[in-house]
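Participant:
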Amino acid sequence: MNGQTVLITGSTDGLGRHLAVRLGAAGARVLVHGRDADRAERVRSEIRAAGGPDPVVLVADLASLREVDRLADEVARHLDRLDVLVNNAGIGFGRPGSGRELSADGVELRFAVNYLAGYRLTRLLLPLLRAAPGSRIVNVASAGQYPVDFADPMLERAYDGVTAYRRAKLAQVMFTFDLAEELGGSPVVNTLHPATYMATTMVRESGTEPCSTVAEGGDATLRLITGPASELTGRYYNGVREERAHDQAYDPDARRRLRELSDRLVAAAHARG
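Just so you know, we're using my numbering here: the sequence shown kicks off at 445 and counts up by one.
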């Protein structure tokens, strides 16, 4: 990883933090992203203590598309190329009993953070990724996938946090397949379920007992960044095994409808200013 640049969204906790430190220690210049500057600075110090190049700290709330745009501008100010983008930032089911929430742009919050922010950020950063030979995009999704209902994509009629989370994660997978087909192998684009119920803040918040370690998820994700699977594109992995995703991910019409919905939501956010 010496000389390579890596942006990991949500790299101040859990899997993102684990990846940031491991990749930094391996010689990558890591762009540490989070919502909290103090926590991001702690990760930066951890990477420096491990002997890695001095990281760049980027603070942005991905629940706002304006902040996503600003994040992309910040990345472009620091870099003329980007070797790896890991769309890892996300929020879980929510606390038991919690209700439906909206982003700053009026989008259902889990769809906004877990999917739409990564969709927008990836598209904005494509010029930097194309400038780096062999660049890779890794979308951290989930084995928990639920089909997007295009008649009610924002879950206005019957909200449930688990359903909202799983819909957003399937949307990530659908975007991965769509983008891989569009790009034709450069950059390489893959997605994975890193591990089941890792010992993270997100899992604990939901009241679920962890059954995997963050290191297990890290190993699986690093395989898509640096291992043999990083040469393949448009694949979904459960851990280190390639598997079939939900059927909707393979439906070209559903992927087209998701792309059109995403572009409408982005355009509406910008129209509101």
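Positions of the beta carbon are idealized from the N, C-alpha and C atoms, including for glycine.
The structure displayed is predicted, hence computed values, not measured ones.
Quick one: Cα of alanine 713 to Cα of leucine 570, how far?
Facilitator: On the sequence shown, position 269 is the one that residue 713 refers to. On the sequence shown, position 126 is the one that residue 570 refers to. Approximately 21 Å, taken between the alpha carbons.
Participant: Consult DSSP for glutamate 686 and reduce its assignment to one of helix, strand or coil.
Facilitator: The count along the sequence shown starts at 1 and reaches residue 686 at position 242. Glutamate 686: strand per DSSP, three-state reduction.
Participant: Using a 10 Å radius around the Cβ and a threshold of 16 neighbouring Cβ atoms, would you call proline 631 buried or exposed?
Facilitator: Numbered from 1 along the sequence shown, position 187 holds the residue referred to as residue 631. Residue environment analysis places proline 631 among the buried positions, since at least 16 neighbouring C-beta atoms fall within 10 angstroms of its C-beta.
Participant: First and last residue of the alpha helix (DSSP H) that includes leucine 475?
Facilitator: Translated into the one-based positions of the sequence shown, residue 475 becomes position 31. Segment 473-478 is the beta strand (DSSP E) holding leucine 475; no alpha helix (DSSP H) there.
Participant: With which residues is leucine 459 paired in a DSSP beta bridge?
Facilitator: Here residue 459 is taken as the residue at index 15 of the sequence shown, counted from 1. Beta-bridge pairing links leucine 459 to no other residue.
Participant: At which residue ranges does the stretch 489-528 contain complete alpha helix (DSSP H) runs of 4 or more residues, listed in the order of the chain?
Facilitator: The qualifying runs are 509-522.
Participant: List, from N- to C-terminal side, the alpha helix (DSSP H) runs of 4 residues or more that fit wholly inside the stretch 603-648.
Facilitator: The stretch 603-648 contains these whole alpha helix (DSSP H) runs: 605-627.
Participant: At a cut of 8 Å, does the stretch 456-476 reach the stretch 486-506 through at least three beta carbon pairs?
Facilitator: Contact between the stretch 456-476 and the stretch 486-506 is present: three or more C-beta pairs spanning the two stretches fall below 8 Å.
Participant: If the criterion is Cβ atoms closer than 8 Å, does the pair phenylalanine 594 and arginine 701 meet it?
Facilitator: The sequence position of residue 594 within the sequence shown is 150, counting from 1. The sequence position of residue 701 within the sequence shown is 257, counting from 1. Result yes, Cβ atoms of phenylalanine 594 and arginine 701 sit closer than 8 Å.
Participant: Count the other C-beta atoms from every protein chain shown that fall within 10 angstroms of the C-beta of glycine 471, then say buried if there are 16 or more, exposed otherwise.
Facilitator: Counting from 1 along the sequence shown, the entry for residue 471 is found at position 27. Around the CB of glycine 471, fewer than 16 other CB atoms lie within 10 Å, so the residue is classed as exposed.
Participant: Per DSSP, what are the beta-bridge partners of isoleucine 452 in this structure?
Facilitator: Along the sequence shown, one-based indexing puts residue 452 at 8. DSSP, once it has assigned bridges, lists Val476 and Val530 as partnering isoleucine 452.
Participant: Between Ser579, Glu518, Leu572 and Ser508, which has its C-alpha nearest leucine 553's C-alpha?
Facilitator: Reading the sequence shown from its first residue, position 109 is the one you call residue 553. Among Ser579, Glu518, Leu572 and Ser508, the Cα nearest to that of leucine 553 belongs to Ser508.
Participant: If you check the beta carbons only, do leucine 627 and leucine 526 fall under 8 Å apart?
Facilitator: Residue mapping note: residue 627 aligns to position 183 of the sequence shown, counting from 1. Residue mapping note: residue 526 aligns to position 82 of the sequence shown, counting from 1. At the C-beta level, leucine 627 and leucine 526 stay beyond 8 Å of one another.
Participant: For threonine 606 versus leucine 572, is the C-beta distance shorter than 8 Å?
Facilitator: In the sequence shown, counting from the first residue as 1, residue 606 sits at position 162. In the sequence shown, counting from the first residue as 1, residue 572 sits at position 128. One detail in the question is off: residue 606 reads as valine in this sequence, not threonine. Cβ distance not < 8 Å, so valine 606 and leucine 572 don't count as in contact.
Participant: Pull up the distance between the alpha-carbon of phenylalanine 621 and that of asparagine 558, whole angstroms please.
Facilitator: Your numbering for residue 621 matches position 177 in the sequence shown. Your numbering for residue 558 matches position 114 in the sequence shown. Straight-line Cα distance between these residues: approximately 16 Å.
Participant: Could you check if leucine 666 belongs to the surroundings of the ligand ADP, using beta carbon to heavy atom distance under 7 Å?
Facilitator: As for the ligand ADP, it is missing from this structure, which has no ligand bound.
Participant: CB-CB under 6 Å to leucine 568, same chain, minus the five flanking residues each way: which ones, in chain order?
Facilitator: Reading the sequence shown from its first residue, position 124 is the one you call residue 568. Cβ within range, chain order: Ala516.
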